[in-house]
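Asker: Below is the structure I would like to discuss, written out as structure tokens.
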Amino acid sequence: MKIVKKIIYALLALVLTGAVVLVGIILFAEYSGRRFTPGSTHVAEGIEDDKSRLVYDENGNVVELPSESSDSLATTGQETAAPAQDIPSGDASAPSEDASVTVQEVAAGAETTSEEDNIERVYVMDMGANLFHTADCPYVQEIKPEDLSEMTTSRAKILNAGYQPCTSCNP
17 MKIVKKIIYA
27 LLALVLTGAV
37 VLVGIILFAE
47 YSGRRFTPGS
57 THVAEGIEDD
67 KSRLVYDENG
77 NVVELPSESS
87 DSLATTGQET
97 AAPAQDIPSG
107 DASAPSEDAS
117 VTVQEVAAGA
127 ETTSEEDNIE
137 RVYVMDMGAN
147 LFHTADCPYV
157 QEIKPEDLSE
167 MTTSRAKILN
177 AGYQPCTSCN
187 P
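In this note's numbering, the protein residues as written are 17 to 187.
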């Protein structure tokens with residue numbers, strides 16, 4: 017009976033040790049910005065260390081966001097800005113000239129959107145949900161005070177930091 021207890025204690029110790037090691041790895045990856053690939057011991061390619069970290073002040077508010085080159089942001093904005101065109105079910109013909117003008121205007125709007133992403137404005141960030149809002153968004157009132165951070169910065173920097181825009185105010 018004593019041998020069985022020793023074996024059970026040894027197995028529990030191994031399970032507990034493994035759990036502690038996994039928690040340590042997860043915390044390291046979360047706070048350092050590094051990600052590991054399955055089955056390997058090297059760090060996966062990704063965001064550089066100096067660009068992946070946020071800087072906080074003594075109150076826990078984000079003070080500085082990492083920056084990214086505007087070229088990659090401009091291409092991303094242009095790729096996602098052109099919406100699909102709806103054609104009525106009764107009309108199987110090709111889109112009219114008016115529709116092609118609209119698509120061109122949307123594409124031109126995408127170019128200005130990337131420029132607007134670099135303009136600094138006041139944003140309210142929900143650090144608990146990783147969302148950012150405009151100051152007049154109705155959802156700002158629902159943010160917990162400990163998760164609320166108000167900052168003057170560009171939209172591009174906030175997106176690079178991993179925050180998502182609010183679907184209501186769409187800053």
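We treat Cβ as the ideally placed atom computed from N, Cα and C, and that holds for glycine.
The structure displayed is predicted, hence computed values, not measured ones.
Could you tell me the distance, in whole angstroms, from the CA atom of N75 to the CA atom of C185?
Answerer: Translated into positions along the sequence shown, residue 75 becomes position 59. Translated into positions along the sequence shown, residue 185 becomes position 169. Straight-line Cα distance between these residues: approximately 26 angstroms.
Asker: Could you check the C-alpha separation between Y7 and L147 for me, to the nearest Å?
Answerer: As displayed, the chain neither begins before 17 nor continues past 187, which places residue 7 out of reach and without an answer.
Asker: Where does the unbroken alpha helix (DSSP H) through G172 begin, and where does it stop?
Answerer: Counting from 1 along the sequence shown, the entry for residue 172 is found at position 156. Contrary to the premise, residue 172 reads as Ala rather than Gly in this sequence. Per DSSP, A172 is one residue of the alpha helix (DSSP H) stretching across R171 to N176.
Asker: For V156, which option in M17, C182 and Y25 has the closest C-alpha, if you only look at C-alpha atoms?
Answerer: Counting from one through the sequence shown, the residue named residue 156 turns up at place 140. Minimum Cα distance to V156 is reached at C182.
Asker: Rounded to whole angstroms, how far is the Cβ of M141 from the Cβ of S170, which I believe are closer than 8 angstroms?
Answerer: Locating residue 141 in the sequence shown gives position 125, counting from the first residue. Locating residue 170 in the sequence shown gives position 154, counting from the first residue. About 13 angstroms separates the two Cβ atoms, so there is no contact after all.
Asker: Quick check on the burial criterion: 16 or more other C-beta atoms within 10 angstroms. Buried or exposed for I174?
Answerer: Within the sequence shown, numbered from 1, the residue matching residue 174 stands at position 158. It is buried - the Cβ of I174 has at least 16 other Cβ atoms within 10 Å.
Asker: Within 10 Å of its beta-carbon, does I159 have 16 or more other beta-carbons around it, so buried, or fewer, so exposed?
Answerer: By one-based count along the sequence shown, residue 159 stands at place 143. The residue is buried, with at least 16 neighbouring Cβ atoms inside 10 Å.
Asker: Could you pull the start and end residues of the beta strand (DSSP E) that D133 belongs to?
Answerer: Counted from its first residue, the sequence shown places residue 133 at position 117. From DSSP, D133 is part of no beta strand (DSSP E); its letter is neither H nor E.
Asker: For A196, count neighbouring C-beta atoms within 10 Å of its own C-beta (all shown protein chains included) and say buried if the count is 16 or more, exposed if not.
Answerer: One cannot answer for residue 196 here, as it falls past the ends of the chain, which runs 17 to 187.
Asker: Just the C-alpha distance for R137 and Y47, rounded to the nearest angstrom, thanks.
Answerer: Translated into positions along the sequence shown, residue 137 becomes position 121. Translated into positions along the sequence shown, residue 47 becomes position 31. C-alpha separation (whole angstroms): 27 angstroms.
Asker: Identify every residue that forms a DSSP beta bridge with F148.
Answerer: The residue labelled residue 148 in the question sits at position 132 within the sequence shown. Answer is M141 and P181, bridged to F148.
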